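So that you can map any letter, position 182 of the sequence shown is 182 in full-length UniProt numbering, and since no number is skipped, the others follow by simple counting.
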Amino acid sequence: MSDGVPKGQTILCDMCADEDRKPARKTCMKCEISMCGQHLQAHLTTPVLLQTHPLTEPVAIDGSTKCPVHGKLLEYYCLDDRTCVCVSCAIEDQHRLHNMKTFPTAHKELLENIGAQQKALQDKSEDENVSLEKWDRGEREKVGRGGARLVEAVTHLRDVSLTSVQSSVAARMASIRTSRSSMEAAQKEKDTFRFLQLYSQVHRDMEAAKAVDLRRGLEPGADRDKLALEIQQKGQKMLGQASQFLGSLLTLVDPENHLEMPTNPGPDLVFEPQTSASSVSLSTDRRKVFHNGWLGACSATLLITGPAPNLQRWTVGLPTESDWMVGLCQKQSANTLMQGPVYGLLWEEGRLGRVTTEEEEEKSAGFSFGSSANPPGKKLKVSSESFPNEGDDGGAGRPETVEVLWKFPESKLTFYSRTGRFQRKEITTIQMSCNSWDLVPFVRLGKENVQKSNPNHLCSCGRNTSGFQANCSRCGKVFPPFTTDLICELH
Numbered sequence: 001m002s003d004g005v006p007k008g009q010t011i012l013c014d015m016c017a018d019e020d021r022k023p024a025r026k027t028c029m030k031c032e033i034s035m036c037g038q039h040l041q042a043h044l045t046t047p048v049l050l051q052t053h054p055l056t057e058p059v060a061i062d063g064s065t066k067c068p069v070h071g072k073l074l075e076y077y078c079l080d081d082r083t084c085v086c087v088s089c090a091i092e093d094q095h096r097l098h099n100m101k102t103f104p105t106a107h108k109e110l111l112e113n114i115g116a117q118q119k120a121l122q123d124k125s126e127d128e129n130v131s132l133e134k135w136d137r138g139e140r141e142k143v144g145r146g147g148a149r150l151v152e153a154v155t156h157l158r159d160v161s162l163t164s165v166q167s168s169v170a171a172r173m174a175s176i177r178t179s180r181s182s183m184e185a186a187q188k189e190k191d192t193f194r195f196l197q198l199y200s201q202v203h204r205d206m207e208a209a210k211a212v213d214l215r216r217g218l219e220p221g222a223d224r225d226k227l228a229l230e231i232q233q234k235g236q237k238m239l240g241q242a243s244q245f246l247g248s249l250l251t252l253v254d255p256e257n258h259l260e261m262p263t264n265p266g267p268d269l270v271f272e273p274q275t276s277a278s279s280v281s282l283s284t285d286r287r288k289v290f291h292n293g294w295l296g297a298c299s300a301t302l303l304i305t306g307p308a309p310n311l312q313r314w315t316v317g318l319p320t321e322s323d324w325m326v327g328l329c330q331k332q333s334a335n336t337l338m339q340g341p342v343y344g345l346l347w348e349e350g351r352l353g354r355v356t357t358e359e360e361e362e363k364s365a366g367f368s369f370g371s372s373a374n375p376p377g378k379k380l381k382v383s384s385e386s387f388p389n390e391g392d393d394g395g396a397g398r399p400e401t402v403e404v405l406w407k408f409p410e411s412k413l414t415f416y417s418r419t420g421r422f423q424r425k426e427i428t429t430i431q432m433s434c435n436s437w438d439l440v441p442f443v444r445l446g447k448e449n450v451q452k453s454n455p456n457h458l459c460s461c462g463r464n465t466s467g468f469q470a471n472c473s474r475c476g477k478v479f480p481p482f483t484t485d486l487i488c489e490l491h
C-alpha cells in the first residue's frame, strides 16, 4: 500500500468496466480492490464483510498490505516494535508477547500520544523561549567576567613590568646624556691645562656611556629579584584564570566532553562498606579507602551514599594495581554482584570491559489479544565483555579517575575517563534494561569473595616466611616493610 495518492490523481473503481470506470469511494484492504459507491454496497450490507474486510479511504494498492513472511493480511499493529503484522506474527513469532492493537485502536492511541507529545513540546518551547534571553544574559556575564579577570591580570602584569624596565632604561639614558654633556663641555674648553683636567672625567663618562645596554632589562639587585618573583606568582594566577576561562568556553560549546569537574563536588558523599577484607580500611571521613598489604589481599564492595537520594553523577579515583568495578547495583545484591542486576565498568586481569544485565522472557503457554493476565515472568542474565585491544600495551588504557553519569530518563549509564578539570573522554555507554531508582552506586575493589589468607614473604633463598616476620627464617635476610596504600577516593 502506498503512503498516499499524488495530488490530482484519482483512484478509480477496480470493478467497473474499463470504458466506464468511476472514482472509488473506499478500498478494501483484504480484497485489495478499490470500489465505487455502486460496487461498495456488498461490503456495506453484508455482516461478515463488515466484520472481516477493513475499508479505508481510496489508496493505490502496491502489494504491501500483506505480510512478507506469511503472505497474510496485515491486521494488527505492534506498539513495541512499531510495525504492522499479520495474525500469524502476533500469535506465533517474536511479536506474540508484545503489545498488539488493531489498526483502528492503534490509530486512535497513537494520535492521542502525538497530541500529548506535541503539547509537551509546545510547553517546553514556550518555557525555553521565555528563559532563552535570561540564559543568554547569564552565559555572557559569566564568560565576560572570566575574560575581564584575565584581561585585568594580563594588563597589570604588563604595566608592572614595563614601568619598572622603563625606569631602569631612563636611568641608563641619563648616563648617555651626561657623557654627551661632558664631551661638549670639553670641546668648548680653550685652555689647554683646564682641558686636560676635564678629560679624565670625560673619559670615565664616555666609557660608562659605551657600556650602556638598553636591552638588558633591570639592573641586578633586590628590585629585580622582587619583581621577577611577583611576575612568577601573578603569572601562575593568570595561567589559572586563562585555563578556567578556556574551560568555561569548552563547557559551553561541548559539555559532553568538557563538563567542568567541581572543585569540591559532593562533600557529603561517603563510602558505605558492604563486604570488606580485614586488609581494607576507611578514612575517618569515609571518602578514602586504604589497603594494608600485610593483612592480606585487597577485597571490598562499597556503596556510595549521600544525604540526597538518587545520585546521578559521581567521580571516583580507582586503584592502579588491583582489579576493580564501578557502576550501579541493587543494595540487597551488593554481596553477590554477578547475580544482578548490575551495570558497571570493569578492570580485570589487565583488561578494561563492562558488565551488563538483560531481562529474559520466560516462555509462555500461549497468547490472547486483550488479555489482562499478569505478564510472563522474567529472569536476569548478567554478562561481561572486554573492550578491543588498543595501543602497544595490549589493552585499552586503564583509567585512574572515572566519572559516572546516570541518565535516568534515557535508561543510560555513561562512563568517562577524567584527565583534567575540563577534560574527559567517554569510555562506554550502557543501555540499561533494568532501570530503577532502587539501583545505587557502588565500587568493588579486588576480587569478589576473596578467601582470607595470611601474607607471606618469598625470600630469594626460596624460603616462604610469614609476613609478620621481619627476617627470613633461613638466611636472615631483612624483608622490606609492608605499606598502607590509598587505593580509592571520592572526588
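We put the beta carbon where it would ideally sit given N, CA and C, even for glycine.
Remember, it's a predicted structure, so these values are computed and weren't measured experimentally.
Inset, instruction - Output the distance between the C-alpha atoms of D225 and V404, rounded to the nearest integer angstrom. - result: Approximately 47 Å, taken between the alpha carbons.
Inset, instruction - Find the nearest neighbour of E81 within the set Q232, L380, H95, I231, judged by alpha-carbon distance. - result: The question names Glu, but residue 81 is Asp in the sequence shown. Closest by alpha carbon: H95.
Inset, instruction - For A277, I'd like the list of residues in its chain whose CB is within less than 8 Å of its CB, leaving aside the five on either flank, ordered along the chain. - result: L295, G296, A297, C298, S299, A300, G446, V450, K452
Legend entry - Inter-stretch contact (C-beta, 8 Å, three-pair minimum) for the stretch 173-193 and the stretch 225-245: no
Legend entry - Buried or exposed (CB count within 10 angstroms, at least 16 for buried), D205: Buried, since its Cβ has 16 or more Cβ neighbours within 10 Å.
Legend entry - Three-state secondary structure (DSSP) of T178: helix
Inset, instruction - Measure the alpha-carbon distance for K425 versus T65 and round it to whole angstroms. - result: 48 Å
Inset, instruction - Use the C-beta contact count for A42: other C-beta atoms within 10 angstroms, 16 or more gives buried, fewer gives exposed. - result: exposed
Inset, instruction - Under 8 Å Cβ to Cβ from H39, same chain only, skipping five residues before and after it: list those, please. - result: Excluding sequence neighbours, H39 sits near C13, M15, C16.
Inset, instruction - Between the Cα of G397 and those of G350, A148, Q117, E410, spot the shortest distance and give me the residue it belongs to. - result: G350
Legend entry - Counterpart residues of P273 in DSSP-defined beta bridges: L302
Inset, instruction - Return the Cβ separation of G327 and V342 in integer angstroms, given the expectation that the two are a contact with Cβ distance under 8 Å. - result: 7 Å
Legend entry - Classification of T484 by the beta-carbon crowding that lies within 10 angstroms, buried from 16 upward: Around the CB of T484, fewer than 16 other CB atoms lie within 10 Å, so the residue is classed as exposed.
Legend entry - Exposed unless 16 or more other CB atoms sit within 10 angstroms - verdict on C461: exposed
Inset, instruction - Select from S167, I304, E75, V143 the residue whose C-alpha is nearest the C-alpha of V253. - result: V143
Legend entry - Sequence-distant residues of its chain with Cβ nearer than 6 Å to W324 (five each side left out): L318, W347, L445
Legend entry - Start-to-end residues for the beta strand (DSSP E) that takes in D485: 484-490
Legend entry - Buried/exposed call for P441, threshold 16 Cβ in 10 Å: buried
Inset, instruction - Check T52 in the structure and name its three-state DSSP category. - result: T52: helix per DSSP, three-state reduction.
Inset, instruction - For F415, collect the residues of the same chain with a Cβ closer than 7 Å to its Cβ; drop the 5 residues on either side in sequence, then sort them by chain order. - result: L345, V402, V404, I427, T428
Legend entry - Assigned exposure category for N435 - 16 Cβ within 10 Å defines buried: buried
Legend entry - alpha helix (DSSP H) segment containing I206, residue limits: Contrary to the premise, residue 206 reads as Met rather than Ile in this sequence. Run containing M206: 192-210, per the alpha helix (DSSP H) assignment.
Inset, instruction - Could you please give the first and the last residue of the uninterrupted alpha helix (DSSP H) stretch that includes I11? - result: That residue, I11, is in no alpha helix (DSSP H); it is neither H nor E in DSSP.
Legend entry - Neighbourhood of M29 by C-beta distance below 7 Å, restricted to the same chain and skipping five residues each side: P54, T56, T65, L73
Inset, instruction - Quickly, what does DSSP pair E360 with across the bridge? List them, please. - result: K379
Inset, instruction - Keeping to the same chain, check which residues put their C-beta closer than 7 Å to that of R21; ignore five residues upstream and five downstream. - result: Counting only Cβ-Cβ distances below 7 Å, and skipping sequence neighbours, we find L12, C13.
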